[in-house]
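Numbering of the sequence shown is given in the working numbering, commencing with residue 73 and proceeding in unit increments.
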Amino acid sequence: ICYKYTTDHWKLNHERPLYGMQTSGIYNFYFYDWLGFKWDDAGGSRKATIEDFEVYDKNVANYTNFFGETYSNTLLLADAPTVNLSPSLGDVTTLNGIFSDKNVVYIQLETINTFLVDGSSEFLEELDLMPDLEKLISESYFFENFYSNVGLGNSSDAEISGLTGLYTPGNHLMYWQYGNDDYPREITWHDKITNNAYKKMIDFRLNALPTVLDDYYTASFHADNRQFYNRENTHPGMLNFDNFYHFTERPLPDKLGTTNVIDAFPNNLEKLPGSPWVSEKDLFEWVKIVAKEKTNENKKYFLYPITIHPHTPYLYDPYINEPVLTREDIRLNDVTLTYLNYLRFYNDIFKMIIELANELENTIFVMYGDHGTGFQLNDMKLLLNDPDLTAVESWEKLYQVPALIYAPDDNNSVEGMKSGLIKGRQPLVRSQVDLYRTVLELLGKNDNHFYYGVNGLSQERTFALQARISLLVTDDFTVQLKKYAPTKRFSRNSIIYHNTEQLDYDIKEVIEKILVFKQINDGIINNNLLEDINKKKKGQT
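Here is the structure:
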């Protein structure tokens, strides 16, 4: 009865196990699991077909979104009022292909939230801890209402969404599921005897940006060992990077498509005191070296550095003996306090990015946060000076992360950095899955590729779904689906309304459409059907 109630009332697979445990009790849950009840596999999402998913394709001349609006895969400048272009770009009518001749540095930022710099917190605003991020924002197109989509996979989920435009299922780590003959993954005895998602390898074919950008040299960079998150297999295999640069101190056999920076960049291996990882300073130095090599070879490049040090437990802090804040200033959790003091070092990372942009030419920079800080509710109430802040309001802030497009003008500078060719602020909801389409259209590389995100520069309304906690954010409302879905009733603990005007759509109908979409999305990914969808779109089947 509990199993049927769970599968009937909870449509999103990624939280079914938790919901089932809460409903039936921990011992009954594991007894059912041992008997073969597949809490997170049941339901319509496993029956998704290519035809089901094709209806969500937005890479077409005309489509209608969940809000009843019609848009196109071509974005005219006249239809993008938040975009300000430099006159040096000439007479521009469409934004498609505006950066077709540019290289790309695509940066994933570790653990950061927008409220740290957007003025939401007067307390933090007065401290002014990240002036160089604010400088970058002033010369960029900034997504001020941008959200992380991550599920259980955290940073690895952010990599998938940011590089493929896809929502991950959220209830397991796709990175640890991945493997094939060229990139075999070890399957443990525990995986084999338990009913889990990792008992077999899945050769995901996701049409990631390195695959689509087939005339670019592509490489990823991470200052940790190559086995972390199974990146030694997923980056050259699943995501199709030409090379994955890693920092691995213990000897390992050579792995196809991976390069140890100990061999590649022996003079750029500064390890920060107290940290097992190489510094961001040298991370960006690796990027600069490779970028200049490819420029000398007349090759375009797409380079993907992943920052690491702003991750708990903040093992390196050059300002540790000069804290800006103590518990005498504000009564915060110790981890929260440590992170806020760490923001001065985070600012140094943004200064490094500005310096990198000053050194490279003909290159655009796209950067986004992987996930938020996870501060406790009481800390959020203090930081935002809002004692009545609800859990839903706090989650919304905690999943809102910075994202921006910085296109340096190689011929003009302002205050020690190159001025931006494209500027503006996007107030509409956007998320990691939207970057894929946005970048492809700006580069003019979106021919015959399936995507369902929006162009981030457009006026199209969309939604952001956080697979980890089932938080659905739109421009008009934010709803905690875990509290709403079982009863289909709204309460102060489940929904926030951002728009008090009469809406031109039914909220419950939109939520239902999004739930069905997420089910089908998960079915397509779990059954590895995306490659077939793209082949069909290209007329190859």
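Backbone N, C-alpha and C fix where the C-beta goes; we use that ideal spot for every residue, glycine too. If you're wondering where the values come from, they're calculated on a predicted model, not measured in any experiment.
Minimum Cα-Cα distance from I361 among the listed residues Q504, A291, E603 corresponds to A291. T154 sits in coil when the DSSP states are folded into three classes, being neither helix nor strand. A residue is called buried once 16 or more other Cβ atoms fall within 10 Å of its Cβ, and S160, having fewer, is exposed.
Excluding five sequence positions before and after E216, the CB atoms of its chain that fall closer than 8 Å to its own CB belong to T186, D190, R497, Q498, P499, given in chain order. Of the residues assessed, R399 falls on the exposed side of the cut-off, its CB having fewer than 16 other CB atoms within 10 angstroms. The residues F337, N340, in chain order, have a CB closer than 8 Å to that of E357 in the same chain once the five nearest residues on each side in sequence are set aside. V359 is positioned such that its CB atom lies no closer than 7 Å to that of P382.
If the five residues before and after T445 are omitted, its C-beta is found closer than 7 Å to the C-beta atoms of T183, N185, Y411, L470, all from its own chain and listed in chain order. Exclusion of the five residues before and after S351 leaves E342, L344 as the residues of its chain whose Cβ lies within less than 6 Å of its Cβ. The beta-bridge partner set that DSSP reports for Q472 consists of Y219. In the same chain as D151, and ignoring 5 residues on each side of it, the C-beta atoms closer than 8 Å to its own belong to S530, Q531, in chain order. Judged by beta-carbon spacing, N593 lies within the 7 Å limit of Y239, meaning their Cβ atoms are closer than that value.
By the criterion of at least three beta-carbon pairs nearer than 8 Å, the region 504 to 522 is in contact with the region 267 to 281. For the 7 Å CB-CB criterion, E465 and I586 do not form a contact. Below 8 Å, enough C-beta pairs join the region 430 to 444 and the region 466 to 485 to call them touching: three or more. In this structure, L196 lies near L188, with their beta-carbon atoms less than 7 Å apart. Secondary structure at M439: strand, using DSSP grouped into helix, strand and coil. Looking at the DSSP output, K495 sits in a beta bridge with N156. Taking a C-beta distance under 7 Å as the contact criterion, S485 and E211 do not qualify as a contact pair. Under the 10 Å beta carbon count, H570 is surrounded by fewer than 16 other beta carbons and is classified as exposed. Within the DSSP secondary-structure output, M489 pairs in a beta bridge with V486.
Two segments are said to touch when three or more pairs of C-beta atoms, one from each, lie closer than 8 Å; by this definition the region 308 to 325 touches the region 292 to 300. Pairing L543 with N368, the inter-Cα distance amounts to about 46 Å.
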